[in-house]
Amino acid sequence: MASPTTDKGFMDLSMQCPGDSDFPREVYNDLRCPICLEFFKHPIILPCSHVLCRSPCTEHLFDFNFIRCPVCRENCYISGGIGSLPRVIALESIIEKYRTERRKAIKCASKGSKSLITPAVFGGGGGGGGGRSEGIGGGGTGEAAETGIHAVSSSGACSHDGNSGFAAENSETEQRKSSPVSSRCSEDSMCFPATITVARADDISQTPRNNLQSLSHEPLANRSSLLSISSTPRHFESLDTSLLDVTFDSVTSCPRHGLGSSLYCQVCERCVCDVCGDADHVTAHETNTLDEASLQVKSGLVRNVDKMVDSQMKVMDSLQQQRQHQKDMEQHFNRKREDIDMQCDSLLAEVEHKRGVFLADLDQEERMRHGEIDDVIEVFEKILAASQSLTQYTTELCEKDSATVLQVSPALNDQILGSMLDCEACQVQPDDLHPDFTQGKVVDLRKEQCLLRDICYLNPPGAPNLDLARCARNHNSVALFLVPHRGSDVVDTYVIRYCSEDQKNLGIEETVTFQNGHSDHLSSGGQGIASLSYVALLDNLSTATTYLFCTTAANRAGHSPNSEVVQCVTLTHSDSVVPAPVILTAMCKTYTSSIRVFTPSPHDVAPEQSISHFLLYRSRNRKSLWRSVALCGRAEHRLFGLEPETLYEFVVMATNPGGECQLSERVVLETEKCS
3 MASPTTDKGF MDLSMQCPGD SDFPREVYND LRCPICLEFF KHPIILPCSH
53 VLCRSPCTEH LFDFNFIRCP VCRENCYISG GIGSLPRVIA LESIIEKYRT
103 ERRKAIKCAS KGSKSLITPA VFGGGGGGGG GRSEGIGGGG TGEAAETGIH
153 AVSSSGACSH DGNSGFAAEN SETEQRKSSP VSSRCSEDSM CFPATITVAR
203 ADDISQTPRN NLQSLSHEPL ANRSSLLSIS STPRHFESLD TSLLDVTFDS
253 VTSCPRHGLG SSLYCQVCER CVCDVCGDAD HVTAHETNTL DEASLQVKSG
303 LVRNVDKMVD SQMKVMDSLQ QQRQHQKDME QHFNRKREDI DMQCDSLLAE
353 VEHKRGVFLA DLDQEERMRH GEIDDVIEVF EKILAASQSL TQYTTELCEK
403 DSATVLQVSP ALNDQILGSM LDCEACQVQP DDLHPDFTQG KVVDLRKEQC
453 LLRDICYLNP PGAPNLDLAR CARNHNSVAL FLVPHRGSDV VDTYVIRYCS
503 EDQKNLGIEE TVTFQNGHSD HLSSGGQGIA SLSYVALLDN LSTATTYLFC
553 TTAANRAGHS PNSEVVQCVT LTHSDSVVPA PVILTAMCKT YTSSIRVFTP
603 SPHDVAPEQS ISHFLLYRSR NRKSLWRSVA LCGRAEHRLF GLEPETLYEF
653 VVMATNPGGE CQLSERVVLE TEKCS
């Protein structure tokens, strides 16, 4: 009985065997894991009701108490791990019964049948004679004849055109009815028997004449299942697997004359006897002995099987590459998940830190207000106690004799009046009972919530812009002022490419990379972050040379477009009219989170010279852009928000409206250690 055929793509041919009719293809597919395409091993059921193998399929998909079902793509949360998922005992029992019945069917089939070498024709053939039967491959003038592959009929009769009258139509009809296989294949199909045994040339030569019995093993057994992919070749889509369970009868005698078949017609591709070859057969047809014809057919089969094995090796290599690509993709997505978790955790940590700052400030304010009210209550209690004591003493004095009352009353009246004034002073107005102690301590995070709702994947930054009005140069350095990016852009690095005119002609280009200090929340006393600018200092340049500069910004999402090309000419030693500024290190002062820098240069120039001074600073631990702060005529400036125990570099730059500048010597200062 023919086994069910697959509709499209590859299938696990090793699972097909005679006797599988009780288990249709739909049931067979339900018994296989959707990942490994093999029978379920320790099946467990997911929360989405789909079933997978516990090991290794489910273990490879399980990550951080979550598992993504490969069938429905649903993320399932598993609190107790894989061990908490229930096993499907009934499904294991069904699979075991199926295997038992399959082994019985294979055992019965191996006892009651004989496996013969039956050549198969791949890809269909050309047209044949008008009276010949429809064999498994087509005519001898097609591709089969060219590759040395021929079709052998199960009856051994050779069919000719209508004039020969060699094979009767009724006989052919009975043979087709009794044949266990369908004798028609489409042009796009690849038909082959289930028990093909491929032998080499040295084994073929030892095969006895008229005895084509072969080894009865399955050449496609124990093959690993292949996943059906969208790029399946067209000739595999109509693969007829019903021929895999067929056993052909041996061809021994001519049905017309009853003699043993000893010849093979190359044109008709049929076995004939000596009488057919001498009398009835067309003399123009070329015939060969069965050994010679069989050797040709087998040689063609061996060559094609070798080619097929090479193709299989290519498929195996491609399959291995796809599996490795799948593993790499899973690792890549896992790294992305870890990165997203880390970013969200850091954001939540910042929110929790801010929550702690706000609550700690409220606690401190509450303690301070409590102390003030406790002091007032203590004073009120003392005044009240003194007034009550004075009232009791006055009452007792009135019961004394007249002389005592007259003697004590003047001083007592003064005390009573003073106590009355104290009591009047202790009275509180109703408006003072509910003061707004938390005025100015309102937290409104609606803006931040909008920012959180707008969180999306990181995009490459926009093209950086250079502030040409503030860029300056001297004899060997150029200072490029960068305009800060808009708030939505995240910049990790700035890449500045530059070259001279001579280098441009030679195709030489210099590249300098600066780290962006956007995460350093530095501020200056009395000035906000917006007043700070980024400066890229490029030194060790040639004197009186024309340079071209171009800048790009980058982050983990990619690079920005190039900025506009800026041309700058360095000065000679005699061209600069700007006096060089200095920093007095002895007068500088360092603190835990701030540094005070002193320079007398702003006071050493006349106002009519129009010379501006900028303080440039950056952390010495990394090569980042310089932060600039305008000194505005001040001799000293204090920078706040610095990190403790960190080295910082400082430079004072003096510029004039003509774009000429001079730089001071670099000074390194270190903030103090936290107490």
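Residue 147 in our numbering is what sits at position 145 of the sequence shown, and the numbering runs on without skipping anything.
Think of the CB as a built atom: it goes at the ideal place given N, C-alpha and C, for glycine as much as any other residue.
- Rounded to the nearest whole angstrom, the CA to CA distance from residue 104 to residue 95 is 14 Å.
- The straight-line gap separating the alpha-carbon atoms of residue 312 and residue 275 is approximately 39 Å.
- In summary, residue 360 is exposed, with fewer than 16 beta-carbon neighbours lying within 10 Å of its beta-carbon over all protein chains present.
- Each residue's CA atom was taken as its position, placing residue 438 and residue 377 some 19 Å apart.
- Going by DSSP, residue 273 is part of the beta strand (DSSP E) stretching over 272-274.
- Selection 621, 630, 673, 659 evaluated against residue 646 yields 673 as nearest (Cα-Cα).
- For residue 48, the CB contacts under 6 Å within the same chain, skipping 5 residues up- and downstream, are 71, 78 in chain order.
- Per the Cβ contact rule, the segment 448-466 is not in contact with the segment 648-658 (fewer than 3 Cβ pairs under 8 Å).
- Counting only residues of its own chain and dropping the five nearest sequence neighbours on each side, residue 594 has a CB closer than 7 Å to the CB of 646, 673, 674, 676.
- Per DSSP, residue 49 is not a residue of any alpha helix (DSSP H), being assigned neither H nor E.
- Of the candidates 634, 392, 495, 495 places its Cα closest to the Cα of residue 517.
- Inclusion of residue 476 and residue 578 in the CB contact set at 8 Å is warranted, their separation being smaller than that value.
- Remark: fewer than three beta-carbon pairs, one from each stretch, lie closer than 8 Å, so the segment 563-581 and the segment 633-643 are not flagged as touching.
- Under the three-state reduction of DSSP, residue 266 is assigned to strand.
- 51 is the residue among 51, 668, 108 whose C-alpha sits nearest the C-alpha of residue 88.
- Residue state for residue 452 is assigned as helix, using DSSP reduced to three classes.
- The bridge partners DSSP lists for residue 663 are 657.
- Our two residues, residue 45 and residue 101, have alpha carbons roughly 16 Å apart in a direct line.
- Taken in chain order, the complete alpha helix (DSSP H) segments of 4 or more residues contained in the segment 563-589 number zero; there are none.
- Taking residue 261 as reference, the option from 278, 270, 272 with the minimal CA-CA separation is 278.
- With 16 or more neighbouring CB atoms inside 10 Å of its own CB, residue 53 falls in the buried class.
- Secondary structure note for residue 294: its alpha helix (DSSP H) is the uninterrupted segment 292-400.
- Residue pairing by DSSP puts residue 651 in a beta bridge opposite 620, 670.
- Within its own chain, the residues whose Cβ lies closer than 8 Å to the Cβ of residue 417, once the five positions on either side in sequence are excluded, are 392, listed in chain order.
- Nearest in C-alpha terms to residue 381, of all of 370, 410, 429, 268, is 429.
- Contact annotation: residue 671 and residue 597 have beta-carbon atoms nearer than 8 Å.
- Cα atoms of residue 558 and residue 488: separation of roughly 17 Å, rounded to the nearest angstrom.
- Of the residues 289, 569, 258, the one whose Cα lies closest to the Cα of residue 265 is 289.
- Taking 8 Å as the upper bound for CB-CB distance, residue 657 and residue 474 are in contact here, some 5 Å apart.
- Boundaries of the beta strand (DSSP E) harbouring residue 498: 495-502, taken from the DSSP string.
- Ranked by Cα distance from residue 581, the options 411, 611, 385 are led by 611.
- Residue 517 is bridged by DSSP to 495, 626.
- Residue 427 and residue 405 have their C-alpha atoms roughly 34 Å apart.
- For residue 77, the three-state secondary structure derived from DSSP is strand.
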